[in-house]
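> Residue numbers (our numbering): 2 to 86.
Each residue gets a CB set at the ideal place from its N, CA and C atoms; glycine is no exception.
#1: How long is the line joining the alpha carbons of residue 31 and residue 82, rounded to whole angstroms?
#2: For residue 66 and residue 22, what's the separation of their Cα atoms in angstroms?
#3: Locate the alpha helix (DSSP H) running through residue 68, then write down its first and last residues.
#4: Rounded to a whole number of angstroms, what is the C-alpha to C-alpha distance between residue 15 and residue 69?
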């Protein structure tokens, strides 16, 4: 049960990363931002694992692209939250 839930969670995050790397990825909706806040530590851990694996597969460019895209998403979300206050 626990193993299945962890694997499912990681698969969901990997699918999210794949979408993010897609050239036609749309901007995040408000609901997605809320979901991100709820799962930020889990997502950060999944990201670290994914980046580590990509780099070990000699996919450094892909790892850098993913990291850069996520930084811009987080930056945009932070600006949005700050402008609401």
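According to the data block:
#1: With a pLDDT of only 49 at residue 31, under 50, the local geometry of the prediction cannot be trusted, and the value read off the model is given with reservation. So the two alpha carbons sit approximately 10 Å from each other.
#2: 7 Å
#3: 61-85
#4: 16 Å
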